[in-house]
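**Q** Provided herewith is a single structure, encoded as structure tokens, for subsequent inquiry.
Protein chains: 2
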Amino acid sequence: MNTLKKGVCAPQGFTAGTAAGGIKKAGTTRLDCAIIVSDRPASVAGMFTTNRVFAAPVGYCRGVCASGHARAIVVNSGNANACTGDQGDADVLETARVVGEAIPCEAKEICVCSTGVIGVPMPMERLTAGLLQCARALSDEQGEAVARAIMTTDTVPKCVEAEVKLPEGTVRIGGTAKGAGMIAPNLATMLAFLTTDAHIAPANLKTILSNAVNRSFNCICIDNDMSTNDTLLCLANGASNTPELLPGTAAFEQFQERFTEVCIDLACALVRDGEGATKFVEITVQGAKHDADARLIAGTIARSQLCKTAFYGQDANWGRIACAAGYGGAPFDPHKMDVVIQGICVLRQGCPTAYSEEKIQELMKASELKVEVTLEEGSGQAVFWTSDLSTDYVKINADYRT
Amino acid sequence: MNTLKKGVCAPQGFTAGTAAGGIKKAGTTRLDCAIIVSDRPASVAGMFTTNRVFAAPVGYCRGVCASGHARAIVVNSGNANACTGDQGDADVLETARVVGEAIPCEAKEICVCSTGVIGVPMPMERLTAGLLQCARALSDEQGEAVARAIMTTDTVPKCVEAEVKLPEGTVRIGGTAKGAGMIAPNLATMLAFLTTDAHIAPANLKTILSNAVNRSFNCICIDNDMSTNDTLLCLANGASNTPELLPGTAAFEQFQERFTEVCIDLACALVRDGEGATKFVEITVQGAKHDADARLIAGTIARSQLCKTAFYGQDANWGRIACAAGYGGAPFDPHKMDVVIQGICVLRQGCPTAYSEEKIQELMKASELKVEVTLEEGSGQAVFWTSDLSTDYVKINADYRT
Numbered sequence: 001m002n003t004l005k006k007g008v009c010a011p012q013g014f015t016a017g018t019a020a021g022g023i024k025k026a027g028t029t030r031l032d033c034a035i036i037v038s039d040r041p042a043s044v045a046g047m048f049t050t051n052r053v054f055a056a057p058v059g060y061c062r063g064v065c066a067s068g069h070a071r072a073i074v075v076n077s078g079n080a081n082a083c084t085g086d087q088g089d090a091d092v093l094e095t096a097r098v099v100g101e102a103i104p105c106e107a108k109e110i111c112v113c114s115t116g117v118i119g120v121p122m123p124m125e126r127l128t129a130g131l132l133q134c135a136r137a138l139s140d141e142q143g144e145a146v147a148r149a150i151m152t153t154d155t156v157p158k159c160v161e162a163e164v165k166l167p168e169g170t171v172r173i174g175g176t177a178k179g180a181g182m183i184a185p186n187l188a189t190m191l192a193f194l195t196t197d198a199h200i201a202p203a204n205l206k207t208i209l210s211n212a213v214n215r216s217f218n219c220i221c222i223d224n225d226m227s228t229n230d231t232l233l234c235l236a237n238g239a240s241n242t243p244e245l246l247p248g249t250a251a252f253e254q255f256q257e258r259f260t261e262v263c264i265d266l267a268c269a270l271v272r273d274g275e276g277a278t279k280f281v282e283i284t285v286q287g288a289k290h291d292a293d294a295r296l297i298a299g300t301i302a303r304s305q306l307c308k309t310a311f312y313g314q315d316a317n318w319g320r321i322a323c324a325a326g327y328g329g330a331p332f333d334p335h336k337m338d339v340v341i342q343g344i345c346v347l348r349q350g351c352p353t354a355y356s357e358e359k360i361q362e363l364m365k366a367s368e369l370k371v372e373v374t375l376e377e378g379s380g381q382a383v384f385w386t387s388d389l390s391t392d393y394v395k396i397n398a399d400y401r402t
Numbered sequence: 403m404n405t406l407k408k409g410v411c412a413p414q415g416f417t418a419g420t421a422a423g424g425i426k427k428a429g430t431t432r433l434d435c436a437i438i439v440s441d442r443p444a445s446v447a448g449m450f451t452t453n454r455v456f457a458a459p460v461g462y463c464r465g466v467c468a469s470g471h472a473r474a475i476v477v478n479s480g481n482a483n484a485c486t487g488d489q490g491d492a493d494v495l496e497t498a499r500v501v502g503e504a505i506p507c508e509a510k511e512i513c514v515c516s517t518g519v520i521g522v523p524m525p526m527e528r529l530t531a532g533l534l535q536c537a538r539a540l541s542d543e544q545g546e547a548v549a550r551a552i553m554t555t556d557t558v559p560k561c562v563e564a565e566v567k568l569p570e571g572t573v574r575i576g577g578t579a580k581g582a583g584m585i586a587p588n589l590a591t592m593l594a595f596l597t598t599d600a601h602i603a604p605a606n607l608k609t610i611l612s613n614a615v616n617r618s619f620n621c622i623c624i625d626n627d628m629s630t631n632d633t634l635l636c637l638a639n640g641a642s643n644t645p646e647l648l649p650g651t652a653a654f655e656q657f658q659e660r661f662t663e664v665c666i667d668l669a670c671a672l673v674r675d676g677e678g679a680t681k682f683v684e685i686t687v688q689g690a691k692h693d694a695d696a697r698l699i700a701g702t703i704a705r706s707q708l709c710k711t712a713f714y715g716q717d718a719n720w721g722r723i724a725c726a727a728g729y730g731g732a733p734f735d736p737h738k739m740d741v742v743i744q745g746i747c748v749l750r751q752g753c754p755t756a757y758s759e760e761k762i763q764e765l766m767k768a769s770e771l772k773v774e775v776t777l778e779e780g781s782g783q784a785v786f787w788t789s790d791l792s793t794d795y796v797k798i799n800a801d802y803r804t
């Protein structure tokens, strides 16, 4: 992954500021507040948790995204502002008002995001002080600091940037994300922010974001819990001064492809930093009847606790993989199923091959594993990325709140 | 739980035999073969894994159950006879033929079941020798031995028995089950055998079994993996000489209720012996719009890795419970949700209460936990039972195959 420092500030016209607000505990010096600002109105598109129990900022952000335009993203880590009742909603409005005055822009142009513990009222005095400090310190050198400020149980900051050389000029994409637990394929306690200086109308930006998410953030699994705060936002401010990207053009396709790659990079970075993870596992399913069937099967293997503990145990346990494939809900003939682990075919036409257990055990020691399932139903395919399930995952989550 | 020794031999007319066949490894002395026999033709009903990758004996047993009648159940542990191709199917037929000659009865009256490792050809010589030994040793004192013979990673044998005093005479129910991993709410690597001397036609037995399973084995969760071998069989031989149980009568209802209780006892015994489990957790959801909604919510909490690790950590983490409820797929107003843990209301109308963290931490040390979620959508309710997710679960499953 490309981990240059500019991240969300890589595209033209974007700056950011960060601060240590002491959100979770007063007086700590860890960065936990950030603002990302576009110097001009930007198209905005967002995708959010589908959990019925959603945090106050999620409901608010949905409204901002519906308008299609935004100037800034405001975020804190340490407090999720979820299960906080009417006070939680009021606190989001107040946050937008305060930051709007500081930038300055209208409050309704500000997306507000939170991640952290659930059910604790937001410490508004510390939050607003922290955000005002962010607003005073805006620069285009704060991309990696933003990636740090949004971390909770993450161990490494994730930021990416990319250039797309379109026929009519170069545009840039920047991004950052956080989330190491509560990660399931339908978005989780994840925050991801993407910026671009391409010129894209809000509806088209939504299409691009949605296409990219279906091949990236919705294809990863750490555990299977969907959080109350998942938020993915993209701002496109057109500062590259390239022509508007329009659907049906080659430039649009080229941008879409690169944007998806950036999202895959970020999504895989989340999996690599999964709580307690010791392995990064890529699961490919091909030959399913449809892509949707392949997704069902790949996703079921990616989520299977028994497959994930086998990966942790460096065990090429194809029985668990075949078994998980079988309950994924997609029809296939198990007598025509092949399973390849680390390049070695272990199951051919539904029966085990005479592979060398010694050789595969050696290959399973790698920190990156590849599992390929091939069926004979059609041309449907999908790729999922998952982590292993380790004793450390359990320890981290048995202790998290205390 | 009632753990008398007769188990499946408690009802009249049933005997059993067990043997150490050395199925997994030649020469070992662990019981791993068993036969349960009715002295007369019995009605049979079965429920099986819905996994598309299913073991050879599962396909075979479906056929026996379709006929409605059976005389015996033959079972081995140590080898699942799954992913074994055409040879696996041939081995099942040969097993039924050999045991049929020994009992004697017709081969097509014999249910064959297997549990254990996947993808290894059945050692037929050792299996048939073991089963012939079982057939020579039939007695009504072998109920608990059967429970032992079917164990794999289970640490305690599970057998139950019950009497139902119907107006026209007493009938008995016996049962045994195994399964400590690959346990998900749609049946898993579970085997369960129930016997009764009540007189019940096959179609009615199927109804009773199906009703009972929906409130017992389909309401438990250890991990979320559905195995290739799940089989639940019930034989009813009428040896009590009581009149046939007919739907719509009080006696039928009384039998159904008791039969369901027996299944709940067995299902909960599986959860209590879940791999690595240190807690047994009962999750009740009430006030959902429909029972089906309550099941969705209770099941999602029961499966949530984060809830299960919190139980392990003795953490009354209602945030994770509320969060899991929210992504269960059933609609409800989160602002009208109450959560009660160990009798203490921690969330009222969607907001945390001022409960004593100290007091609840003390209560969380119990080995049996109760979680109650109350909504205001209607009168739908459900109960699920789950275990916690411990570091030992991961260790057991990272090492299982080797």
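Chains as they are written, first to last, in this note's numbering: chain A, 1 to 402; chain B, 403 to 804. The C-beta atom is built at its ideal place from N, Cα and C for all residues, glycine as well.
Distance, Cα to Cα, Y60 (chain A) vs R320 (chain A)?
**A** By 1-based counting over the first sequence, the position of residue 60 (chain A) is 60. By 1-based counting over the first sequence, the position of residue 320 (chain A) is 320. Whole-angstrom Cα-Cα distance: 43 Å.
**Q** Taking the C-alpha atoms as reference points, what is the distance between T788 (chain B) and A614 (chain B)?
**A** Counted from its first residue, the second sequence places residue 788 (chain B) at position 386. Counted from its first residue, the second sequence places residue 614 (chain B) at position 212. Those two C-alpha atoms are separated by around 18 Å.
**Q** Under 8 Å, Cβ to Cβ, is there at least one residue of chain E near I118 (chain A)?
**A** No chain E is present in this structure, whose protein chains are A and B.
**Q** Chain B partners of K395 (chain A), CB-CB under 9 Å?
**A** For the purposes of this step, residue 395 (chain A) is taken as the residue at position 395 of the first sequence. The contacting residues are T711, G715, T793.
**Q** Can you tell me where the alpha helix (DSSP H) with M124 (chain A) in it begins and where it stops?
**A** On the first sequence, residue 124 (chain A) is found 124 positions in, with the first residue counted as 1. From DSSP, the alpha helix (DSSP H) with M124 (chain A) extends over 124-136.
**Q** Only counting the same chain, and skipping five residues up and downstream in sequence, which positions put a Cβ closer than 6 Å to that of P413 (chain B)?
**A** For this step, residue 413 (chain B) is matched to residue 11 along the second sequence. Only R574, G576, T597, T598, D599 meet the Cβ criterion.
**Q** Based on Cα-Cα distance, which residue from A:V53, A:F384, A:I264, A:D315 lies nearest to A726 (chain B)?
**A** Counting from 1 along the second sequence, the entry for residue 726 (chain B) is found at position 324. Cα-wise, what sits closest to A726 (chain B) is A:V53.
**Q** Just tell me which of B:I520, B:D632, B:A564, B:E764 has its CA closest to the CA of I425 (chain B).
**A** Within the second sequence, numbered from 1, the residue matching residue 425 (chain B) stands at position 23. When only C-alpha atoms are compared, the closest one is B:I520.
**Q** Between A:Y327, A:C9, A:Q361, which has its C-alpha nearest T176 (chain A)'s C-alpha?
**A** Residue mapping note: residue 176 (chain A) aligns to position 176 of the first sequence, counting from 1. Selected option, being the one with the closest Cα: A:C9.
**Q** Would you kindly report the start and end of the unbroken alpha helix (DSSP H) that includes R30 (chain A)?
**A** Within the first sequence, the letter at position 30 stands for residue 30 (chain A). Counting along the chain, R30 (chain A) falls outside any alpha helix (DSSP H), and DSSP gives it neither H nor E.
**Q** Between A:Q133, A:N397, A:Q381, which lies nearest to N719 (chain B) when the distance is taken from Cα to Cα?
**A** For the purposes of this step, residue 719 (chain B) is identified with residue 317 of the second sequence, where counting begins at 1. Among A:Q133, A:N397, A:Q381, the Cα nearest to that of N719 (chain B) is on A:N397.
**Q** Specify the secondary structure class of Q381 (chain A) as computed by DSSP and reduced to three states.
**A** Here the question's residue 381 (chain A) lines up with position 381 in the first sequence. Strand at Q381 (chain A).
**Q** Which residues does DSSP list as the beta-bridge partners of T405 (chain A)?
**A** Look at the range of chain A in this structure, 1 to 402, and you will see that residue 405 (chain A) is not part of it.
**Q** Considering only DSSP beta bridges, list what F14 (chain A) is partnered with.
**A** Numbered from 1 along the first sequence, position 14 holds the residue referred to as residue 14 (chain A). A:S38, per the DSSP bridge assignment.
**Q** Does the segment 755-769 of chain B come close enough to the segment 83-100 of chain A to have 3 or more Cβ pairs within less than 8 Å?
**A** As far as the Cβ criterion goes, the segment 755-769 of chain B does not touch the segment 83-100 of chain A, which means the pair count is below three.
**Q** Report yes if the C-beta distance between I360 (chain A) and Q349 (chain A) is below 8 Å; otherwise report no.
**A** To locate residue 360 (chain A), count along the first sequence from 1; it is residue 360. To locate residue 349 (chain A), count along the first sequence from 1; it is residue 349. Against a cut-off of 8 Å, the Cβ pair of Q349 (chain A) and I360 (chain A) comes out as no contact.
**Q** What residues in its chain sit with their C-beta under 7 Å from that of M403 (chain B), if we drop five residues either side in the sequence?
**A** As a working note, residue 403 (chain B) is residue 1 in the second sequence. Summary for M403 (chain B): the model assigns pLDDT 43, below 50, so the residue's position carries little reliability; its value from the coordinates is reported in the next sentence. The residues are V562, D667, A671.
**Q** Going by the CB atoms, is the gap between F217 (chain A) and G299 (chain A) shorter than 8 Å?
**A** For this step, residue 299 (chain A) is matched to residue 299 along the first sequence. For this step, residue 217 (chain A) is matched to residue 217 along the first sequence. Not a contact, by the Cβ cut-off of 8 Å.
**Q** Kindly list the residues whose CB is nearer than 8 Å to the CB of D399 (chain A), restricted to its own chain and excluding five residues on each side of it in sequence; keep chain order.
**A** Taking the first sequence and counting its residues from 1, one reaches residue 399 (chain A) at position 399. The answer is none, since no qualifying residue turns up.
**Q** Identify the continuous beta strand (DSSP E) that holds E282 (chain A) and give its terminal residues.
**A** In the first sequence, the residue the question calls residue 282 (chain A) occupies position 282. Its beta strand (DSSP E) spans residues 280-288.
**Q** How close, in whole Å, do the beta carbons of K681 (chain B) and E779 (chain B) come, if the pair is a contact with beta carbons under 8 Å?
**A** In the second sequence, counting from the first residue as 1, residue 681 (chain B) sits at position 279. In the second sequence, counting from the first residue as 1, residue 779 (chain B) sits at position 377. Not confirmed; about 29 Å, so no contact.
**Q** Measure the C-alpha to C-alpha separation of E511 (chain B) and A641 (chain B) and round it to an integer number of angstroms.
**A** What you label residue 511 (chain B) is simply residue 109 of the second sequence in a count that begins at 1. What you label residue 641 (chain B) is simply residue 239 of the second sequence in a count that begins at 1. Cα to Cα, the separation comes out at about 18 Å.
**Q** When the cut-off is 8 Å and only beta carbons count, does V884 (chain B) lie next to chain A?
**A** Lying before the first or after the last residue shown, residue 884 (chain B) is absent from chain B, which here runs from 403 to 804.
**Q** For the beta strand (DSSP E) that contains T391 (chain A), what are its first and last residues?
**A** Here residue 391 (chain A) is taken as the residue at index 391 of the first sequence, counted from 1. Unbroken run through T391 (chain A) is the alpha helix (DSSP H), 391-399; no beta strand (DSSP E).
**Q** Can you tell me whether D333 (chain A) is buried or exposed, with buried defined as 16 or more other CB within 10 angstroms of its CB?
**A** As a working note, residue 333 (chain A) is residue 333 in the first sequence. D333 (chain A) is exposed by the Cβ-count criterion.
**Q** Could you have a look at T353 (chain A) and say whether DSSP puts it in helix, strand or coil?
**A** On the first sequence, position 353 is the one that residue 353 (chain A) refers to. Coil, per DSSP.
**Q** Shorter than 8 Å from the beta carbon of D230 (chain A) to some beta carbon of chain B?
**A** Translated into the one-based positions of the first sequence, residue 230 (chain A) becomes position 230. Not one chain B Cβ lies under 8 Å of D230 (chain A).
**Q** With a threshold of 8 Å between beta-carbons, can C345 (chain A) be considered close to chain B, or not?
**A** The residue given as residue 345 (chain A) occupies position 345 in the first sequence. Cβ-Cβ to chain B under 8 Å: no for C345 (chain A).
**Q** Which residues, in chain order, does the segment 685-709 of chain B contribute to contact with chain A at a C-beta distance below 9 Å?
**A** Going along the segment 685-709 of chain B in chain order, one finds R705, S706, Q707, L708, C709 with a Cβ nearer than 9 Å to chain A.
**Q** Which residue wins for smallest C-alpha separation from Q305 (chain A), given the options A:D315, A:L389, A:A267, A:Y355?
**A** Residue mapping note: residue 305 (chain A) aligns to position 305 of the first sequence, counting from 1. Checked all of A:D315, A:L389, A:A267, A:Y355; the closest Cα to Q305 (chain A) is A:L389.
**Q** Can you find the residues in the same chain that come closer than 7 Å, C-beta to C-beta, to R30 (chain A), ignoring five residues on each side of it along the sequence?
**A** In the first sequence, residue 30 (chain A) corresponds to position 30, counting from 1. Correct list, in chain order: A20.
**Q** Flag G238 (chain A) as yes if its beta-carbon sits less than 8 Å from any beta-carbon of chain B, otherwise no.
**A** Locating residue 238 (chain A) in the first sequence gives position 238, where the first residue counts as 1. No, G238 (chain A) does not count as interfacial toward chain B.
**Q** Please check the pair A236 (chain A) and S43 (chain A), which I expect to be a contact at CB under 8 Å, by giving their CB distance rounded to whole angstroms.
**A** Here the question's residue 236 (chain A) lines up with position 236 in the first sequence. Here the question's residue 43 (chain A) lines up with position 43 in the first sequence. At roughly 5 Å, the Cβ-Cβ gap stays under 8 Å, so A236 (chain A) and S43 (chain A) are in contact.
**Q** Who are the neighbours of D399 (chain A) on chain B, taking C-beta pairs under 7 Å?
**A** One-based indexing of the first sequence puts residue 399 (chain A) at position 399. Going along chain B in sequence order, the residues near D399 (chain A) (Cβ under 7 Å) are G715.
**Q** On the DSSP bridge assignment, give the partners of H471 (chain B) in chain order.
**A** Residue mapping note: residue 471 (chain B) aligns to position 69 of the second sequence, counting from 1. According to DSSP, H471 (chain B) bridges with B:S445.
**Q** Out of A:P243, A:D291, A:T260, A:C307, which has the shortest C-alpha to C-alpha gap to G169 (chain A)?
**A** Taking the first sequence and counting its residues from 1, one reaches residue 169 (chain A) at position 169. Per the Cα distances, A:P243.
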